[in-house]
Every structure is written in C-alpha cells, then in structure tokens.
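Here's the structure we're looking at; comments come further down.
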Amino acid sequence: MAEESQSQTIRAISWREVFPFTHIFRAFRVAIQPSKLTLALAALLIMYVGGRILDALWLDKYRAVQGEIVAYQEGKPLDEYRQRVREHVARRYEPLLEKLSVKPGEVYRKLAEDREFRRDAALKGLYTKHVRYRIRCERDEAVRLANEDYARSDKGEQAREARDRRIKEAYEKYREELEVIDNARGRGLFISFVNYQSSQMNAVVSAVVRGDWLGPGGVVESVQRFFTVAPGWALWHHPLYFVLFSALFIVVWAIFGGAIARMVAVQMADEDGKLTISVRQGLSFAASKFLSFLSAPLIPLLIIAVVGLFTAVVAWVLFVLRLDVLVGMLFFLPLAAAAVMTLVLLGTAGGFSLMYPAIAVEGSDSFDAISRAFSYVFMRPWRLLWYATVGVAYGSVTYLFCRIVVWLILLLTHVFVGLLVFRTTDAGTNLWTALFPAPAISGLRYQIDTATLGGYGQFTAWFIALWTYLLLGLLGAFAVSMYFSVSTVIYLLLRRDQDSTDMHEVYQEQPEEEVTETSAPLPQPAPAGGQEAQAGTAQPTAPSDTQTPAPPAQTAPQPVPAQTAPAQPTSSTTAGGPGSPEAPPAQQQPPQPPAPGAPSGTA
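So the mapping is simple: the numbering used here equals the position in the sequence shown, first residue as 1, plus 3.
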C-alpha cells in the first residue's frame, strides 16, 4: 500500500541561518549599551587630554598650518606649502606686531623699528599673547569712546544707531584680528589630526547614503584616506609627535578596546541575552591580556621592519664593497623578502580588526590572534570583504541616526533655553546665541563666540561647552563601540565558516571572570525519599579515572554501555539502581561503600 503523502507547513524561517551576515545587525543594540559607551568615552577623553597636552608642550614653529593635511593628501611639496602659507599669514600678522610699539621695552621698540626682526617674528608666530591683549584693549577703548560720544549727544535714534554701529565695527575688527593671531600661531597637531579624521568619517557616511562606493570621494577612497593620509602625514613630517601619541593610543586601545571587545564577545555568544559581563570584569580581562592586546597589531609591523631593514643593510654592504654583480645574481632573495613583507602587510591590513576579537573570544595570546586573523583573511577573503561591506554600510546608517539624535538634542536645547532670553552682548548680538550657537546638522562643532563675551560670559560658556563636548563625545564613543561590535561579529562568522565552530562558543574564565546568568534560578532539589530519589536527583559529575568497577556479582543482568558523558548517569553499580533492570528482592545485595572517586549519587 502506497504511503499517503503528508503536507508540511513552514512556520518560521531562521534568517540568520539562511543569511549569516544578518548577525551583523545585532551589533547596534550591543554597541549602544551604556557599559560600552562608558568605556569608549573614557578612552576618547584620555586620548583627547593627552593630545591637548602634547599640543600645549609642542613648539609653535612645529605646529600645523591651515590645510596642511589636505595638501599632503594632494601630494603637494609640504615644506613649500607651509612656507607659502606662513608668508601669507605673516603679511597680515606683521601690522598687529607694530601695535606693541606703544609698550616700553627693548623688544617692543625693536619690533617697531626693525622690519626684518618684525617679519621674522611674524613668520614664527611670536608674541601672540601680547598682541591678543593689545587688540582687546583697543576694542574696549573703541567701545568706551562710542558710549561716551553717545552720552554727550542728544541720545536720539540716529545717535543710538551710530553708537551701535561703532561698537559692532569694533567687535568685528577684533574678531578678524583674533583669527589672524590664531593662524599666525598655527594649529595643534592633535586638533588637525582629529579634524581631518572626522571629515573623512563624515565622508564615508555621506558616500554610503548616496550609494557611492567606488567613485572619487566614495566609501573606498574615504576609508583609505582615513587609515593612511593623516597617520602618514604625522609619521613622515612629525615623527616624534607620532611616536608619542601612538604609544598613548596603543595603550588606551589595548585596555579599553580590549574590554569592549570582551564584553561584546560574551554578549554575542548568548543570543538569548542571558549572559552579561560588567565593566569591571571587562577591564579585568583586558588587564590580564594586556600584553596580547598591545603586541598583536605591532608584531606584524615589527616583522616587516626587521625584514626590510635586514634587506637594506645587506644591499648597502654589497654596494659599498662594489659587489654589484652579486646583487644581480642573488636578486631573487630581496624579491622573496619583499613577497614575505607583502603577505604580512596584506594580512595586517585585512586582519587588523580581527585581532582584538580573536583574543577576546578565544582568550589566547597575540600569536594565536595573528594566526587566526591571517588565516581568515587569506582563506575567506571574499566573505571577509562582504561582511566588511555590510558592516560599513550598517555602521554608517546607525551613526547617521545617532548623529541626527544628537543634533535634535542640541537644537531643542538651543531653542527652548533661549526662547525667553532677550539680553544682548556689548556687540549687540543675542547673549544666548553667543553662549550656545545653533547647531548645524552638517557639522556639530561647538564654537563659542568669545569675541563678543566678557570674562563672566566666557566662564559661563566654558561650562556649557563642557557638557556639550561630553554629548558630542558620546557620538564618537558610539562609533568606537560600533567598530568593536561589528568586528567581533565578523570574527565569529568567519570562525564558523572556516573552523566550523559555533558562534556561541566563547572562552570563559572561572572564577576570576564571573559571567552573570540572568535566567530563572535553578530548581531546588527534591525532598529525600530514599536511595532511588537521591540517585535520580543527583547532579552529574565528570567521570573519574580512579573509579573502580563493581564486582561482577553485583552487575545488572543485561550489559550497559560505559558512561562516556557527564550529562546524565546511565548505569548503576548496584542492582535496582537507576538505569538497571529491576531484580527480585531476594537477589538484592546489601549496599556497598562507594569506590574512591565514584560519582555522587551512586549506592
């Protein structure tokens, strides 16, 4: 008789199994959590403070000029560009130095009389503090004279308008001269670096929104500029600054970045959200693996440097000894060395974002992290490229969403706090607008109009700026947290594809790292009801090598396979125990004492 066909109904589709890349979409809810944002914000604050301290300690003549990194990006001769910009700024700054001639002193007299000395000081951006004080005094004097003339007038409409116009012109002139002073002094290297990197990150987001990936100014070009232009500029033209700031960056990245990666790894391993890990536990793990996090990205670069320098030294020796023909005969050796450096460079470029997740997920050292990252890059390049594309697109969209939220917060604050503020500054502008300018969605930079504020107003604006920058810092913290979240998901996906390892398998430390399970509490043991009840409710334990077999006379009539897993006991060493056939009461033997190392719950 033919079997009747049975219809089957598909009630659900596991999209994450059909399309594994959708796991990346879990990264947003993980990255936005306060614990990760707190760690990322702390890392950004430490690097910001360190960078500002370096800028304050750096000599003015080594500071950056306006547009310097862009000129480096365009391939312009940077020394000529800097000299040309400084000469242009010096022509505007030199007249301001002449204002110091009214002050007593040999230096000020020389500034007024010696044009070469004054021009050299203008090129180097010297005496900016003195000039700033002098032009502020001139502004205050102009405002005082305008008020006195108005007081002596008939105080009519025309007189008031004339006074307001003179005061406004004085403040406008003061603002322009402040800009000249700032350009003459130059820009801090850290601020120049951060501004350029921020512009490239915004360019990536804009390119994703308009769907431009391969065109000029598209996603690929902006990402390439983000990782190469500003770091290359700092390395080649400001090497000492690059080394100092890179040391700070790597240490902070190892501690806080490692903690974020660990927290994301534990949370991603539990899809049901039952496992959590605290900030303290994440930092503890990062501290225990500090050397691994620190050295993982450096070891490949060190290999490239050692191989490259060795090749250069050998070539130099051979050319000095005029063994040119030997260089030609053995030219395959530098080609082989260059091939090794190329492979290491490609593996580092593609696997850099996988090294921290590898340590966080596996609990391994830096060499294992490098090995896994390189393996996934060279064995699964197209999957890595696809996952990275999805990650960049999804990260850009979520970053844009958070940026709009921050902009709305700032805009609503600006509107409603200043709704009933009608006071004006001495320049005639609205006080609240000077303290807290309206934000623009295209650029969330907060710039105080210090030219129109007095000492008390600047003190007030400083506190407003503190809270505003913290809010803007949260936007950057989200970008950092999202980077580690997406990188960890991509690592777990590549590990599953390459090693057939389930995404839920993550290294756990006990008891140093106590992962909290937020599921329902375990059930209480049943009341004691005899040997059978106790044996049935006993917790399974791992089998022991010292466990001795029971005497043959006490075994069950039917053979039972040996226990191979500690999940549930499948046999008993006494008759009548769980898992054995029930024997007649007359054949039962007295309870025997348990053998040493036997599992609990056996009679």
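Built from N, CA and C at the ideal position, the CB exists for glycine as well.
If you're wondering where the values come from, they're calculated on a predicted model, not measured in any experiment.
The alpha helix (DSSP H) enclosing Tyr65, as first and last residue numbers | Careful: Tyr65 lies outside any alpha helix (DSSP H) and carries neither H nor E.
Quick one: grab the DSSP three-state call for Thr231.
-> helix
Residues near Ala454 in its chain [Cβ-Cβ closer than 8 Å; skip 5 each side] | Tyr174, Tyr177, Arg178, Leu181, Ala430
What does DSSP give as the partner residues of Gly446 in its beta bridges?
-> Ala443
Alpha carbon to alpha carbon, how far is Ile170 from Phe229? Give it in angstroms, no decimals.
-> 44 Å
Using three-state DSSP, classify Phe22 as helix, strand or coil.
-> coil
Could you check how far apart the C-beta atoms of Leu42 and Ile263 are, in whole angstroms? I think they sit under 8 Å.
-> 5 Å
Pairing CB atoms from the stretch 22–36 with CB atoms from the stretch 483–494, are three or more of them under 8 Å?
-> yes
Assuming Arg55 and Phe193 make a contact with CB atoms under 8 Å, what is their CB distance in whole Å?
-> 6 Å
Counting only the same chain and skipping the five closest in sequence on each side, list residues whose C-beta sits under 8 Å from that of Val183.
-> Val92, Arg95, Tyr96, Leu99
With Tyr402 and Ala480 assumed to form a contact (beta carbons below 8 Å), what rounded beta-carbon distance in angstroms separates them?
-> No, Tyr402 and Ala480 are not in contact; Cβ-Cβ is about 11 Å, not under 8 Å.
Straight-line gap, Tyr449 to Ser503 (C-alpha atoms, nearest Å) | 49 Å
Alpha-carbon to alpha-carbon, His507 and Ser201 = 35 Å
By DSSP, does Arg89 sit in helix, in strand, or in coil?
-> helix
For Arg89, collect the residues of the same chain with a Cβ closer than 7 Å to its Cβ; drop the 5 residues on either side in sequence, then sort them by chain order.
-> Val68, Leu126
Counted within 10 angstroms of its Cβ, other Cβ atoms place Thr231 as buried (16 or more) or exposed = exposed
Name the two residues that bound the continuous alpha helix (DSSP H) containing Ala430.
-> Where Ala430 is concerned, there is no enclosing alpha helix (DSSP H), given that its DSSP letter is neither H nor E.
Should the stretch 253–261 be regarded as contacting the stretch 294–308, the criterion being three or more beta carbon pairs within less than 8 Å?
-> yes
Nearest candidate by alpha-carbon position, reference Met344, set Glu141, Val310, Met332 = Val310
For Arg213, is the classification buried or exposed, using 16 other Cβ atoms within 10 angstroms of its Cβ as the cut-off for buried?
-> exposed
Selected residue, minimal CA-CA separation from Val364, among Val380, Ala115, Lys292, Leu477 | Lys292
Cut-off 6 Å between Cβ atoms - residues of its own chain near Ala372, not counting five sequence neighbours on either side | Ala299, Met358, Ala361, Ile362
Looking at Val211 and Ala396, is the spacing between their C-beta atoms short of 9 Å?
-> yes
Considering Tyr459, what are the terminal residues of the alpha helix (DSSP H) in which it resides?
-> 458–502
Considering only the beta carbon of each residue, do Ala339 and Gly353 sit closer than 9 Å?
-> no
Measure the alpha-carbon distance for Ile16 versus Gly189 and round it to whole angstroms.
-> 60 Å
Taking the C-alpha atoms as reference points, what is the distance between Pro581 and Ala289?
-> For Pro581, the pLDDT reaches just 37, beneath the cut-off of 50, and the residue's location in the model is therefore unreliable, leaving the point undetermined.
Leaving out five residues on either side along the sequence, give the residues of the same chain with a beta carbon under 6 Å from the beta carbon of Thr351.
-> Pro303
Using CA coordinates, which residue listed in Phe370, Val267, Phe439 is at the minimum distance from Ser38?
-> Val267
Three-state secondary structure (DSSP) at Thr12?
-> coil
Among Arg265, Val330, Tyr75, which residue has its Cα nearest to the Cα of Ser195?
-> Tyr75
Could you round the C-beta distance between His241 and Leu81 to whole angstroms and report it? I think they count as a contact, below 8 Å.
-> That pair is no contact at about 11 Å.
Would you mind working out which of Ala124, Ile49, Phe22, Ala46 sits nearest Asp63, comparing C-alpha positions?
-> Ala124
Cα-Cα separation between His417 and Thr12, rounded to whole angstroms | 56 Å
Cβ contact (3+ pairs, closer than 8 Å) linking the stretch 157–165 and the stretch 130–139 = no
Completely contained alpha helix (DSSP H) runs for the stretch 290–373, where each covers 4 or more residues | 293–298, 301–323, 327–332, 335–365
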